[in-house]
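The sequence shown runs 1 to 166 under this note's numbering. One structure is given below, encoded as structure tokens.
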Amino acid sequence: MNENHRLIEHFYQCFQRKDYRGMAACYHPEASFSDAAFDLKTAAEIAAMWHYLCVAGKDLVIEFNAVQAGEQSGSAHWEARYTFSRTGRKVHNIIEAQFLFRNGKIIRHTDVFSFRRWSQMALGPVGYLLGWSSFLQNKVRATAMHGLRQFIGQHPEYQTPGPETV
Numbered sequence: 001m002n003e004n005h006r007l008i009e010h011f012y013q014c015f016q017r018k019d020y021r022g023m024a025a026c027y028h029p030e031a032s033f034s035d036a037a038f039d040l041k042t043a044a045e046i047a048a049m050w051h052y053l054c055v056a057g058k059d060l061v062i063e064f065n066a067v068q069a070g071e072q073s074g075s076a077h078w079e080a081r082y083t084f085s086r087t088g089r090k091v092h093n094i095i096e097a098q099f100l101f102r103n104g105k106i107i108r109h110t111d112v113f114s115f116r117r118w119s120q121m122a123l124g125p126v127g128y129l130l131g132w133s134s135f136l137q138n139k140v141r142a143t144a145m146h147g148l149r150q151f152i153g154q155h156p157e158y159q160t161p162g163p164e165t166v
């Protein structure tokens with residue numbers, strides 16, 4: 001087992017404990033993350049997202065396996081079970097994760113899952129009817145990003161400093 005394999009395992013073990021600080025420490029300062037809901041370009045945004053999801057996921061349960069990692073890339077299979085807060089519906093999301101590494105940290109993290117399957121569980125009839133549509137995908141992404149921006153606004157530790165005024 002190499003260091004990158006251990007890094008992925010540590011990341012998901014932290015996630016299982018809802019240790020968002022431990023998760024954030026796994027990322028390179030120039031990291032990026034993307035999935036069906038988020039497209040994040042900074043390590044601060046990524047850290048805020050995991051914090052936001054850990055806090056929101058009151059009944060969140062994470063399982064992971066099939067971790068593989070080489071010198072530059074890795075992957076894992078993980079599953080999340082939780083109640084979607086906006087609808088109160090139970091979700092069992094099945095995700096394939098891809099990682100790129102730099103200097104012993106995650107520089108690029110991509111999670112792939114069936115948006116249609118997720119939307120059917122999370123949104124019920126609307127997800128069943130529109131889960132295939134880019135309209136619904138864009139709406140979910142906009143809503144998720146809005147929630148994350150509000151969360152960041154309430155947590156100064158994730159706010160990036162603006163240009164200094166002289």
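We put the CB at the ideal spot given by N, CA and C, even for glycine. Note that the structure is predicted; figures quoted are calculated from it, not measured.
Helix, strand or coil at residue i according to DSSP, with G and I counted as helix
i	result
E9	helix
Q16	helix
Residue interval of the beta strand (DSSP E) (run including residue i)
i	result
W78	73-84
Counterpart residues of residue i in DSSP-defined beta bridges
i	result
A97	A76, D111
V64	Position check: residue 64 holds Phe in this sequence, whereas Val was assumed. Per DSSP, W78.
S32	R108
A69	G74
D177	With the chain running from 1 to 166 in the structure shown, residue 177 is simply not present.
Distance, residue j Cα to residue i Cα
i	j	result
Q13	A142	29 Å
G22	F11	7 Å
A25	V126	37 Å
D39	D59	25 Å
I107	E30	6 Å
A44	S114	26 Å
E63	G147	25 Å
R81	E96	15 Å
H155	Y52	10 Å
E3	L129	44 Å
Alpha helix (DSSP H) segment containing residue i, residue limits
i	result
N138	134-154
G131	Per DSSP, G131 belongs to no alpha helix (DSSP H) and is neither H nor E.
C54	43-56
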